[in-house]
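Enquirer: After the structure tokens below, expect a handful of questions from me.
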Amino acid sequence: MINHLDRRADLDIARAIASFLVVMHHLLRHFNRLHLDHFDAGLRDVVQGSLLYFHMPTFMLVAGCVLAMGWREVRTWDDYWRFERKKLDRLILPFISVSLLTLAVKAAGGGLEAGCARAALANTIYAPRGGPAPHLWFLYVLMGFFLLWPLLRRLVPDRWFPLLWLGMLVFAVLDLPWPALDSWKRILGMNDLRWYLPIFTLGFLYEQRWREQLRPRPVLVFMALVLCIGCLTVDLRLPWPKDDFWWVTLHRAVWMIGRSCGGLLVLWLCSVIARSARRPRKLLVTAGLRSYDCYLLHFALLCTPLLSLIGELEPGVVMTYVWFVVALIVTWVGSMLIGDLIRRWPPLGVVLLGIPLPRPKA
């Protein structure tokens, strides 16, 4: 069972929306790989580029907010170790088990080239985006954040933490020509740690100290919307040379500003929904409670089999769009229902979802 105590409806709704957008992005990208080229190329690029500005930034901001909420209870090192173990228990075992499950599904469906299994397994730890379940890089990065966080909190006083956040932004944006950094940036998720740590920290600061200043006032919403749309438009339209320091730095600045604003817009929208009509709010909160199940299971158990089936059918123009909508709904809802079934058998829930076993009654 899910513990409903001390939960925030707006954060659960944000998880639901972000998980839906993640499933949409993965399906759209793999429809293209199946050579179902009936999608308009320009529209597809715009939709895919737009989704990147909202789904993972929202997850990162929510993770930062949740960390700030839990960190209020941390007073001693014993509190810290309990908090750290609880977080890592939810991440480590599902990361390994779902990676292996995805590898098995791909191998069974012929989606894995001969001799690639060993490299995929090595990449699970060495370079998670090259592993059998590349979407699980998010869990890998969260592990890094949770391990790094106590060191940051220990070394940096509260009053200097906003300055540390600005330093994170500069480090993420600058394309520093360091050979050592270049050789390590794709190893152990270093690139993702570097790029998403400022957004994660923004979520922490938003929840801890900036909630009142950043509440969704019309002026702030308008500014964030303009910045997000402006950055997205510039990002999609300019060629962005990859061998020029200043162009790469500017591109990363656009990326960081646009995606931070995109994530904040989703959080603000969810705070409005959380105070609105009861039925939509209840449905989205329920989906948010199962969003972790969806994120873990959607690719291996539903995306891969459905995409193989659709590829065999070779649909025409109209049916490509129909199948996309069907696959989106089935994958998003179905992965949550499968997660619910897994939760009914606690040992499997521990392995695949990181759910702690219920404590025996005294």
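Start counting the sequence shown at 3; every next residue gets the next number (our numbering).
Glycine included, each C-beta is placed from N, C-alpha and C at the ideal position.
1) With 16 as the cutoff for other CB atoms within 10 Å, does residue 96 come out buried or exposed?
2) Applying the 10 Å Cβ sphere with the 16-neighbour rule, what's the burial state of residue 315?
3) Compute the distance between the beta-carbons of residue 2 and residue 148, then report whether it is under 8 angstroms.
4) Which same chain residues end up closer than 8 angstroms to residue 54 when comparing Cβ atoms and leaving out the 5 residues on each side of it in sequence?
5) Span of the alpha helix (DSSP H) holding residue 86?
6) Buried or exposed for residue 75, going by 16 or more other Cβ atoms inside 10 Å?
7) Secondary structure at residue 1, three-state DSSP: helix, strand or coil?
8) Say the cut is 7 angstroms; is the CB of residue 100 nearer than that to a heavy atom of the ligand ADP?
9) Quick check on residue 21: does DSSP put it in helix, strand or coil?
10) State the DSSP-derived secondary structure class of residue 319, mapped to helix, strand or coil.
11) Distance, Cα to Cα, residue 16 vs residue 320?
12) Return the first residue and the last residue of the alpha helix (DSSP H) that residue 152 is part of.
13) Please confirm whether residue 200 and residue 174 have their CB atoms less than 8 angstroms apart.
14) With 16 other CB atoms within 10 Å as the buried threshold, where does residue 168 fall?
Expert: Reading off the structure:
1) Residue 96 sits at position 94 when you count from the first residue of the sequence shown. Classification for residue 96: buried.
2) In the sequence shown, the residue the question calls residue 315 occupies position 313. A residue is called buried when at least 16 other Cβ atoms come within 10 angstroms of its Cβ; residue 315 does not meet this threshold and is exposed.
3) Absent from the model: residue 2. The displayed extent of the chain is 3 to 364, so no value can be given.
4) In the sequence shown, the residue the question calls residue 54 occupies position 52. Excluding residues within five positions, the ones whose Cβ falls inside 8 angstroms are 27, 261.
5) To locate residue 86, count along the sequence shown from 1; it is residue 84. DSSP places residue 86 inside the alpha helix (DSSP H), whose first and last residues are 79 to 110.
6) As a position in the sequence shown, residue 75 is number 73, starting the count at 1. Exposed, since its Cβ has fewer than 16 Cβ neighbours within 10 Å.
7) Nothing about residue 1 can be read from this structure; the chain reaches only from 3 to 364.
8) The ligand content of the structure shown is nil, which means the ligand ADP is not present either.
9) Stepping through the sequence shown from its first residue, residue 21 is reached at position 19. Correct three-state label for residue 21: helix.
10) Counted from its first residue, the sequence shown places residue 319 at position 317. Residue state, collapsed to three classes: helix.
11) As a working mapping, residue 16 is identified with position 14 in the sequence shown. As a working mapping, residue 320 is identified with position 318 in the sequence shown. Distance between residue 16 and residue 320, taken at the CA atoms: about 32 angstroms.
12) As a position in the sequence shown, residue 152 is number 150, starting the count at 1. First-last of the alpha helix (DSSP H) with residue 152: 139 to 157.
13) As a first step, residue 200 must be located in the sequence shown, where it is residue number 198. As a first step, residue 174 must be located in the sequence shown, where it is residue number 172. Contact: yes.
14) Position 166 of the sequence shown, counted from the start, is the residue given in the question as residue 168. With fewer than 16 Cβ atoms within 10 Å of its Cβ, residue 168 is classed as exposed.
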